[in-house]
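*Asks:*
Number of protein chains: 2
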Amino acid sequence: MSGMSFIKSLSRIIEISPALEVRLDGLFRERQVKKNEMLVQAGEKCTSICFVEEGALRGFYFKDDKDISNWFALDGEFATSFYAFFGQTKSYENIQALENSRLRCLHYDELQQLYREFPETERLGRIILEEYYSRLEERLISIQFRSAKERFDHLMQSRPDVFRRVPLGHIASYLGITQETLSRIRAAQ
Amino acid sequence: MSGMSFIKSLSRIIEISPALEVRLDGLFRERQVKKNEMLVQAGEKCTSICFVEEGALRGFYFKDDKDISNWFALDGEFATSFYAFFGQTKSYENIQALENSRLRCLHYDELQQLYREFPETERLGRIILEEYYSRLEERLISIQFRSAKERFDHLMQSRPDVFRRVPLGHIASYLGITQETLSRIRAAQ
DNA sequence: TTCGCTTTTTGATCCATGTCAAATGAATCG
DNA sequence: CGATTCATTTGACATGGATCAAAAAGCGAA
């Protein structure tokens, strides 16, 4: 996996004019992060949204001292603490790099600026959000009404790469089960 | 509760010009539905998004013959099978009126038309979606990491009107528990 | 007001998954 | 390489919530 340019990814959605491309390239700042580096700490404002060109991030928080993973973003995906980012409020979640990663990050204020300057990006924002909403809905249903094993199978099938690149402890909490249970499910395969 | 005009509700978000107001008023068709009437059946395409001016709707589906409520939309809220609506694919959920309701419904194609005709509505769409995304995220966390009682308390506190207007059986499945468990939680209060 | 149907509660029992504790296996580093 | 730390598995036991069955309470229609 050699990574994916964010411009190319965005151009799936709307036609990117040369002028917009230049602007996007200027606004989405390249950033390299090392494995385990924290990008956002719970309690801080979440000021940027990042596109993962190469690497892996996770969002997580603590519930009763337990580390609970909330999402994983692999190559070609956007990552931010959506809730906090949209409302520009304090984030309840932390964001951390799972691997050395190459990101392209856009600051909230610059995104608002972009929306004003290139109104067609409103459309872009809306459509990306529709995609992420749909995913979240799927996940909610998965968690609410499937058994641990069913959730495991579903993730295994829909995002096998997660199993290759993310430690099982994180995957377990993401699936809403304990590490021990995940281990037993795998053993029973 | 005498209901809420959808125009007024939208104008919280962006300035609605007179021209846009006229257009919105024309595109959002008024529709009255009776209690228990089905608006969408699972397997159909979901062609409209509805604003509930007065009344109550729910989304639900069947899992192993059990009727599972997915959401409730009361006065002032939008309702659709988001997943199916965005992608214009078959809906996995049914939508039904819980009360006699007065709706304003917008067809998908007309929404796309609206986006083209009034680009500022892209912004409207994006912002509404941000709100609904945030809610869904909250709900996911609630379901994944709170006990039945905690989820009950949270809903009770955040949307007490749901308890007044929706049968307990529907609320139970929405909370991801059985009706019996919900009953016991209430009894223990 | 009573009949029939739906909603809600109560009781007894069972099971999937959690918790706690400890063993094993993998990975990193001086 | 050992040594230290982190990741994963295994075992024994506890428990929240499910299931099945039936009683009780609400409620609309004639």
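So the sequences go chain by chain: P and C.
Numbering-wise (my numbering), the first sequence opens with residue -10 and increments by one.
Numbering-wise (my numbering), the second sequence opens with residue -10 and increments by one.
All residues carry an ideal CB built from backbone N, CA and C; glycine is no exception.
#1: Between the C-alpha atoms of P:Phe40 and P:Glu66, what's the straight-line distance to the nearest angstrom?
#2: Please name the residue in P:Ile2, P:Lys55, P:Ser172 whose C-alpha comes closest to that of P:Ile116.
#3: Cβ of C:Glu111 within 8 Å of Cβ of C:Tyr121?
#4: What do you reckon, is the C-beta of C:Ser70 under 7 Å from a heavy atom of the ligand ADP?
#5: Could one say the Cβ of C:Phe71 lies closer than 8 Å to chain P's Cβ atoms, at least one of them?
#6: Name the chain C residues that come within less than 8 Å of P:Ser123, Cβ to Cβ?
#7: When you compare the CB of P:Arg112 with every CB in chain C, is at least one pair closer than 8 Å?
#8: Using a Cβ cut-off of 8 Å (strictly closer), state whether C:Ile3 contacts chain P.
#9: Please name the residues in the segment 154 to 165 of chain P whose beta-carbon is closer than 8 Å to at least one beta-carbon of chain C, in chain order.
#10: To be precise: take each residue of the segment 133 to 144 of chain C, compare its Cβ to all Cβ atoms of chain P, and keep it if any distance is under 8 Å. Which residues remain?
#11: For C:Asp36, which option in C:Asp53, C:Pro156, C:Cys94 has the closest C-alpha, if you only look at C-alpha atoms?
#12: Threshold first: 4 residues or longer. Then list the alpha helix (DSSP H) segments lying entirely within the segment 119 to 160 of chain C, N to C.
#13: For C:Leu87 versus C:Val22, is the C-beta distance shorter than 8 Å?
#14: Looking only at C-alpha atoms, which of C:Lys52, C:Asp54, C:Ser70 sits nearest to C:Leu46?
#15: If you drop the 5 nearest sequence neighbours on each side, which residues of the same chain put their C-beta closer than 8 Å to that of C:Glu10?
#16: Check whether the Cβ atoms of C:Arg135 and C:His143 sit closer than 8 Å, and answer yes or no.
#17: Pull up the distance between the alpha-carbon of P:Ser162 and that of P:Glu82, whole angstroms please.
#18: Looking at C:Leu28: is its Cβ nearer than 8 Å to the Cβ of C:Gln77?
#19: Helix, strand or coil: how does DSSP classify C:Asp56 here?
#20: Can you list, in chain order, the residues of its chain with a C-beta nearer than 6 Å to that of C:Met(-10)? Leave out the 5 residues immediately preceding and following it.
*Replies:* This is what the structure gives:
#1: Cα-Cα distance, rounded: 6 Å.
#2: When each option's Cα is compared against that of P:Ile116, the closest is P:Ile2.
#3: For C:Glu111 and C:Tyr121, no; Cβs fall outside 8 Å.
#4: The ligand ADP is absent from the structure shown, which contains no ligands of any kind.
#5: Among the CB atoms of chain P, one or more fall inside 8 Å of the CB of C:Phe71.
#6: Ordered by position in chain C, the residues that pass the 8 Å Cβ test against P:Ser123 are Phe71, Tyr72, Phe75, Gly76.
#7: Chain C has a Cβ within less than 8 Å of the Cβ of P:Arg112.
#8: By this cut-off, C:Ile3 is not an interface position.
#9: Near chain C, meaning a CB-to-CB distance below 8 Å, the residues of the segment 154 to 165 of chain P are Gly165.
#10: Using a CB distance below 8 Å, the part of the segment 133 to 144 of chain C facing chain P consists of Gln133, Phe134, ordered along the chain.
#11: It should be noted that the sequence gives Thr, not Asp, for residue 36 of chain C. Taking each of C:Asp53, C:Pro156, C:Cys94 in turn and checking the Cα distance to C:Thr36, the smallest one comes out for C:Cys94.
#12: Within the segment 119 to 160 of chain C, complete alpha helix (DSSP H) segments of at least 4 residues are found at 137 to 147, 149 to 154, given in chain order.
#13: No.
#14: In terms of Cα proximity to C:Leu46, the closest of C:Lys52, C:Asp54, C:Ser70 is C:Ser70.
#15: If we look at C:Glu10 and ignore the five residues flanking it on each side, its Cβ neighbours are Ile(-4).
#16: Between C:Arg135 and C:His143, the gap from beta carbon to beta carbon is short of 8 Å.
#17: For P:Ser162 and P:Glu82, the distance between alpha carbons rounds to 14 Å.
#18: The answer is no: Cβ separation not under 8 Å.
#19: Three-state DSSP puts C:Asp56 in a strand.
#20: Any answer about C:Met(-10) is weak, because its pLDDT of 40 lies below 50 and its placement is not dependable; what the coordinates show is given next. Same-chain partners within the cutoff: Asp64.
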